[in-house]
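Visitor: Following this message is one structure expressed as structure tokens.
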Amino acid sequence: MTDFLSTPQGRRLAYHRTAGSGPGVVFLGGFKSDMTGSKAQFLQAWAEDQGRPFLRFDYSGHGQSDGDFLDGAIGDWFEDALSAIEALTEGRQVLVGSSMGGWIALLVARAIPERIAGLIGIAAAPDFTEDLMEPAFTGAERAAMAATGRIEQPSDYGDEPYVITRRLIEEGRNRLVLRSPLPLPFPVRLLQGSADVDVPPSVALKLFDHADSPDLRLTLVKGADHRFSEPENLALLAETLARLPV
1 MTDFLSTPQG
11 RRLAYHRTAG
21 SGPGVVFLGG
31 FKSDMTGSKA
41 QFLQAWAEDQ
51 GRPFLRFDYS
61 GHGQSDGDFL
71 DGAIGDWFED
81 ALSAIEALTE
91 GRQVLVGSSM
101 GGWIALLVAR
111 AIPERIAGLI
121 GIAAAPDFTE
131 DLMEPAFTGA
141 ERAAMAATGR
151 IEQPSDYGDE
161 PYVITRRLIE
171 EGRNRLVLRS
181 PLPLPFPVRL
191 LQGSADVDVP
201 PSVALKLFDH
211 ADSPDLRLTL
221 VKGADHRFSE
231 PENLALLAET
241 LARLPV
């Protein structure tokens, strides 16, 4: 059964929460993804099997949550995640962020480090609007963005194109985490596929070099793609969670 949370910003978020004991696990999904994906479902099953608290939710404009995706930006989805964690969890949490969710997880960790027991990034994509999206725009796309405030790009993950708005790019510049010190005073694990063409391994290496953590490890998986959802990838995720010293 899906429950709903009203945030201080007036947004209504869909979520699923599982009870348990010990540090909780919070899944933070990717750009235009939702909480019904394979990694979210897998983590819920893992948490139930381990008796650990677990939370998955949809950002505003995603999945079953209210709002229009095209109205959203990184800051909005960070606020959603922070509101969900503060309202729906107790004690210290392990954040598991996939792709854009890795960026959101870093923003949450920077905001409430005392609540974070550990962080796992799966093809984490910090600063992707600035470092991956905007530099790849063609001249025609730049002209269209200037004229209309939006462009469309083909998607490898469905029939509908990605619509990228001017607000997504410009608001993202207020949320960058790789341009200033990034203290992460807890264990951090980064999982990255070598065959990821959406968020290349160079991003994981940049985050690995930049973050300041007492226990930071990067695992590069040969042949794994951006989805990181093959059975062996999910098994590695479970092993990483189980061994995280929290």
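If you read the sequence shown in full-length UniProt numbering, its first letter stands for residue 1, the second for the next number, and so on.
Positions of the beta carbon are idealized from the N, C-alpha and C atoms, including for glycine.
#1: What is the DSSP secondary structure of Q41, counted as helix, strand or coil?
#2: Which class does residue 304 belong to by DSSP, given the choice of helix, strand or coil?
#3: Under a Cβ-count criterion, where at least 16 other Cβ atoms within 10 Å of its own Cβ denotes burial, should T44 be classed as buried or exposed?
#4: Can you tell me which residues form a DSSP beta bridge with Y162?
#5: Measuring only between beta-carbons, confirm whether D131 sits less than 8 Å from chain B.
#6: May I have the straight-line CA-CA distance separating K39 from M145, to the nearest angstrom?
#7: List, from N- to C-terminal side, the alpha helix (DSSP H) runs of 4 residues or more that fit wholly inside the region 36 to 110.
#8: Evaluate the contact criterion for the region 159 to 167 versus the region 185 to 203: three or more CB pairs, one atom per stretch, below 8 Å.
#9: How many angstroms separate the CA atom of E152 from the CA atom of V246?
#10: Which same chain residues, not among the five before or five after R12, have their C-beta less than 6 Å away from its C-beta?
#11: In the DSSP assignment, what residue or residues form a beta bridge with Q192?
#12: With three or more beta-carbon pairs closer than 8 Å as the criterion, would you say the region 48 to 59 touches the region 13 to 28?
#13: Tell me which residue opens and which closes the beta strand (DSSP E) that residue 247 is part of.
#14: P126 and G91: beta carbons closer than 8 Å?
#15: K222: buried (16+ other C-beta within 10 angstroms of its C-beta) or exposed?
#16: What is the DSSP secondary structure of D131, reduced to helix, strand or coil?
#17: Give the straight-line distance between the Cα atoms of G29 and G139, rounded to the nearest whole angstrom.
#18: For A87 versus V108, is the C-beta spacing smaller than 8 Å?
#19: Cβ of M35 within 8 Å of Cβ of D58?
#20: Quick check on G72: buried or exposed, where buried means 16 or more other Cβ atoms within 10 Å of its Cβ?
#21: DSSP puts V25 in a beta bridge; with which residues?
#22: Less than 8 Å between the beta carbons of P183 and D212, yes or no?
#23: Report, in whole angstroms, the separation of the C-beta atoms of A123 and F228, which I expect to be a contact under 8 Å.
Guide: In short, the structure shows the following:
#1: Within the sequence shown, the letter at position 41 stands for residue 41. Helix at Q41.
#2: Any question about residue 304 goes unanswered here, given that the chain covers just 1 to 246.
#3: Along the sequence shown, one-based indexing puts residue 44 at 44. In the sequence as displayed, the identity of residue 44 is Gln instead of Thr. Within 10 angstroms of the beta-carbon of Q44 lie 16 or more other beta-carbons, which makes it buried.
#4: Position 162 of the sequence shown holds residue 162. Q153, per the DSSP bridge assignment.
#5: Among the chains of the structure shown, chain B does not appear; only one protein chain is present.
#6: Reading the sequence shown from its first residue, position 39 is the one you call residue 39. Reading the sequence shown from its first residue, position 145 is the one you call residue 145. Each residue's alpha carbon lies about 33 Å from the other.
#7: Whole alpha helix (DSSP H) segments, 4+ residues: 38 to 50, 74 to 88.
#8: No, they do not touch.
#9: The residue you call residue 152 lines up with position 152 of the sequence shown. The residue you call residue 246 lines up with position 246 of the sequence shown. Cα-Cα distance, rounded: 42 Å.
#10: What you label residue 12 is simply residue 12 of the sequence shown in a count that begins at 1. Cβ within range, chain order: F4, S6, D66.
#11: One-based indexing of the sequence shown puts residue 192 at position 192. The partner list for Q192 (beta bridge, DSSP) reads L220.
#12: Touching, per the Cβ criterion.
#13: As shown, the chain starts at 1 and ends at 246. That puts residue 247 outside it, with no answer to give.
#14: Here residue 126 refers to the residue found at position 126 when the sequence shown is read from its first residue. Here residue 91 refers to the residue found at position 91 when the sequence shown is read from its first residue. At least 8 Å separates the beta-carbon of P126 from that of G91.
#15: Taking the first residue of the sequence shown as 1, we reach residue 222 at position 222. Its Cβ having fewer than 16 others within 10 Å, K222 is exposed.
#16: The residue given as residue 131 occupies position 131 in the sequence shown. Secondary structure at D131: helix, using DSSP grouped into helix, strand and coil.
#17: Indexing the sequence shown from 1 puts residue 29 at position 29. Indexing the sequence shown from 1 puts residue 139 at position 139. Rounded to whole angstroms, the separation of the alpha carbons of G139 and G29 is 31 Å.
#18: Numbered from its first residue, the sequence shown carries residue 87 at position 87. Numbered from its first residue, the sequence shown carries residue 108 at position 108. With a cutoff of 8 Å on beta-carbon distance, A87 and V108 are scored as not near each other.
#19: By one-based count along the sequence shown, residue 35 stands at place 35. By one-based count along the sequence shown, residue 58 stands at place 58. In this structure, M35 places its C-beta atom within 8 Å of the C-beta atom of D58.
#20: On the sequence shown, position 72 is the one that residue 72 refers to. It counts as buried.
#21: Counting from 1 along the sequence shown, the entry for residue 25 is found at position 25. V25 has F54, V94 as its beta-bridge partners, per DSSP.
#22: What you label residue 183 is simply residue 183 of the sequence shown in a count that begins at 1. What you label residue 212 is simply residue 212 of the sequence shown in a count that begins at 1. Yes. Within cutoff.
#23: Numbered from 1 along the sequence shown, position 123 holds the residue referred to as residue 123. Numbered from 1 along the sequence shown, position 228 holds the residue referred to as residue 228. Right, their Cβ atoms sit about 6 Å apart.
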